[in-house]
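Participant: Per our numbering, residue 0 is the first one in the sequence shown, and the count goes up by one each step.
Ideal placement from N, C-alpha and C gives every residue a C-beta, glycine not left out.
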Amino acid sequence: AQRNVIVRNLPSVETLGCTSVICTDKTGTLTTNEMTAVSLVLVEKSADKKKKEYAIAEHEVEGVSYAPVGSIDGVVQSEEVKANPKGAIADVAAVCALCNDAKILGHDEAEDEATKRKKKRKKASIESMAKKFERVGEPTEAALCVLAEKLGGMSHYLDNIHPDKQGEIHLHVLPSVLANANVEEWRSSYPRQATLEFNRDRKSMSVLCSPSSSGNRKKNRLYVKGAPNLLLERCTHVKLRDGTVTKLTGPLRRAVQAKLTELATRPLRCLALAVKDKLEPSLRNFEATDDGDTTNNPLLSNPKNYRNIESGLTLVGIVGIKDPARPEVADSIRRCTDAGIRVMMITGDAKDTAVAIARDVNIFSSDDDGNNSGEVKAYEGREFFLKSRHEQLELLKSDNIVFCRAEPSDKQVLVKMLQSLQEIPAMTGDGVNDAPALQQAAIGVAMGITGTEVSKEAADMILADDNFSTIVAAVEEGRRIYSNMQAFICFLISCNIGEICAILLATVAGVPEPLTAMHLLWVNLVTDGPPATALGFNPPAPDLMDQKPRPTDEPILTKWLLTRYCLTGLYVGIATVGVFVGHYMDQGISIRHLMDWGGCGQDWVPTAITMVNGGTETGSTAAAAAAASASSATMMCEDLFQGKGRMLPQTLSLTTLVCMEMLKALSAVSVDASLLRVGPFANPWLILGVSVPFALHLLVVYSSQLGMGGLAEAFGMVPLTLDHWKSVLLWALPILIVEEVLKAVGRYLKVKEDEQAAARGQQME
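1. Should M517 go down as buried or exposed, given a rule of 16 or more other Cβ atoms within 10 Å for buried?
2. Using C-beta distances below 8 Å, list every residue in its chain close to L566, excluding the 5 sequence neighbours before and after it, in chain order.
3. Which of helix, strand or coil does DSSP assign to N296?
4. Would you decide whether G509 is buried or exposed? Buried here means 16 or more other CB atoms lie within 10 Å of its CB.
5. Return the Cβ separation of V571 and C500 in integer angstroms, given the expectation that the two are a contact with Cβ distance under 8 Å.
6. Roughly how many angstroms separate the alpha carbons of L560 and G745, rounded to a whole number?
7. I'd like the span of the alpha helix (DSSP H) that includes R563, first residue to last.
8. Under 6 Å Cβ to Cβ from K749, same chain only, skipping five residues before and after it: list those, please.
9. Restricting to Cα atoms, I'd like to know which of M646, L231, Q76 is closest to K202.
10. Ends of the beta strand (DSSP E) at Q192?
11. Should the segment 478-497 be regarded as contacting the segment 341-350, the criterion being three or more beta carbon pairs within less than 8 Å?
12. Keeping to the same chain, check which residues put their C-beta closer than 6 Å to that of V74; ignore five residues upstream and five downstream.
13. Please state if the CB of C17 and the CB of R759 are separated by a distance shorter than 8 Å.
14. So S203 is in the alpha helix (DSSP H); what residue range does that whole segment cover?
15. Between V182 and E148, which are expected to be in contact by the criterion C-beta below 8 Å, what is the C-beta distance as a whole number of angstroms?
16. Please classify A731: does DSSP put it in a helix, a strand, or coil?
17. Buried or exposed: which applies to H696, given that a residue is buried once 16 or more other Cβ atoms fall within 10 Å of its Cβ?
18. Mind listing, in chain order, the continuous alpha helix (DSSP H) runs of no fewer than 4 residues lying wholly within the segment 32-95?
19. Scan the segment 633-710 and note each continuous alpha helix (DSSP H) run of 4 residues or more that stays entirely inside, going in chain order.
20. If you draw a straight line from the C-alpha of A82 to the C-alpha of I88, how long is it?
21. Does the segment 319-328 come within contact of the segment 526-546, defined as at least 3 CB pairs closer than 8 Å?
22. When the Cα of R220 is compared with those of S209, L229, F714, which residue comes out closest?
23. Under 7 Å Cβ to Cβ from M426, same chain only, skipping five residues before and after it: list those, please.
24. Take the Cβ of V507 as the centre, count every other Cβ of all protein chains shown within 10 Å, and call the residue buried at 16 or more, exposed below.
25. Span of the alpha helix (DSSP H) holding L504?
26. Where does Y53 land, buried or exposed, given buried means 16+ other C-beta within 10 angstroms?
27. In terms of residue numbering, what span does the alpha helix (DSSP H) encompassing I356 cover?
28. Here's the rule: buried if 16 or more other CB atoms are within 10 angstroms of the residue's CB, otherwise exposed. What is I555?
29. Going by beta carbon distance, what residues of the same chain come within less than 7 Å of P10, once the five residues before and after it are set aside?
30. Using the C-alpha atoms, what's the distance from L417 back to T14?
31. Kindly confirm or deny that the segment 190-201 and the segment 274-288 touch, where touching means at least three C-beta pairs closer than 8 Å.
32. Look up R549 in the DSSP assignment and say whether it is helix, strand or coil.
33. Between M227 and A271, is the Cβ-Cβ spacing less than 8 Å?
34. Looking only at C-alpha atoms, which of A664, G69, K321 sits nearest to C494?
35. If we ignore side chains and look at the alpha-carbon of each, how far apart do V657 and E475 end up?
36. From the DSSP secondary-structure annotation, give me the bridge partner or partners of K275.
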């Protein structure tokens, strides 16, 4: 949740680490979804009045986001609409305002009178002004609302407020109502009689409105907006800027198409705007009921008729809308590439727009034209699915691919095809129609802001900020969680292997047991638990997002890791038994005698006395003890190997084991990286997880000196001297060398494995 990811299905966290393909939407995920109309294209008469030619004129629209502030190059705002209400610009404003369900809200500064008197008049640029407005409705429609405001005279109000500062205004004198003033004026003057809802076949939406400004109702008029490539097919005429209507001839149509292509490569999302005056008889004077019911009209009651109604249109203009790429997305896609994750963009936009966005966000390289001649490919949905099954599968193996003019149903088909290639796809979606694809994908990702409830219910995780970079963060988090889970489990397994090796070695060698049952419980319940838990808080490894996706069938404990931890466990067992045996040998008991400790007799008595009393007996005392009875010798042997004499070597063994396990925990801050590269202080919780159990162990070891003799007796431990600690460290510290050597071997084997995999891939190609 801290990284704006809400996981609905907990097992999906593990799957995130295996994700090999991310199929992502464009709008709102790769882009900001803050639409701004930045270009207005009109058809105008040629500058040479003698020639009957027409020019495709583009007018730059100033402004950012949803602030209805900014000039339009070559257009006298407000004045031109009023001066020529039958011109193309007036119709553009009408379509933008009427064929629209969105609106813009402005925010007044909430200040009391005292604060206002103390505060100086604020001035703000257009960019800062953007923060004072927000949309209600779809982003694309909100952008058209803003354009309608700019065309209809919002700047006229602003000029009256502060005419001497172009591009600057006083925020505290701008009423919120002005944010939507012109749009509301259009809508009140031209009430809507019917709505021809958008669908994916027509890719257009239109409204039937009737002028009523004079009080007498006039004939209805159709206002249409839609995808240029389809709407142009239904346009027969074009309205010039001066209001003249002319046929949309072949050359003129091609000129418009060329301009659309140029706009798409910038990249701009284009919408064609059109009107229709010559309506069918049943629509000319149609008037909706109070509740908006249109079922009484045979044409409007059946959506199949909408395409015919929206034919014979007059093109009035084209709007280029900028939906800028999120600045952080390009770096996130680069990280995906480094992590071996392919990114596929699936969008409903035109091919040129999709290719341009793909370049902006690093899906395509800057020198790739997306013409399918290089490694990177872009296809329209219909174009892709017309290919053979074999060709489709081969194309899906491409490093990067873009699908444009795609339908929601295409997503599920693509997911199934990717899964047939043994890929682990993550799929994004926000609509009701995306739900099947979200359920089909290994990881279904719904949008938290724009997503429908149906899509959220179908998804495995939800992006709280609708941002592609959050998906990459989730993948990294999934890999980190898996890596930490692996470190946690492997640490406990390696500790248990070490304890088992210690018991087995002692049993096989025939020496006394270096650890009691109480000692094993102490290690497993007290000293192993906190470090293992702390390993769950390990930071991501430096090369975590440079690794290829993990196969789904790869076990947590791989063959190499099992071999590695068996080797470290073997050393732990040797060191635990070694310090135990070494202590006896330092006291004069040979390994042969120690392995035959059950046969201890009268000839062992001098050594036994020395051991029982901590090696402080003088030679005369030992000589006197040699004359002791056989029964006394037997009692001393039992004390040497089973009683007080064994407490010191067992304390050495347990302390050495605890030290080695603490050092192994510090080394486990990264499963593969060297301790010199990722130090233990990268995880402060691990330092705490090691310090606390080690402090508790010291408390038990020195409890007899702290007045808690009962605790020492219960655990069978005695205090250690400085010389004893030297022996402990001499046996414990080499575990770090063993770990580092085995980590280096593991890294080498991984590099070799990657090289072999790359070679196999090249051979298959």
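Facilitator: On the basis of the coordinates in this document:
1. exposed
2. V737, L741
3. coil
4. exposed
5. 6 Å
6. 8 Å
7. 558-585
8. none
9. L231
10. 191-198
11. no
12. H58
13. no
14. Element bounds for S203: not the alpha helix (DSSP H) but the beta strand (DSSP E), 203-208.
15. 6 Å
16. helix
17. buried
18. 78-82
19. 643-666, 683-700
20. 11 Å
21. no
22. S209
23. C22, K410, V414, A436, L437, A440, G443, V444
24. exposed
25. 467-508
26. buried
27. 350-359
28. exposed
29. none
30. 15 Å
31. yes
32. coil
33. Strictly speaking, residue 227 in this sequence is Pro, with Met absent from that position. Closer than 8 Å, so yes.
34. A664
35. 33 Å
36. L221
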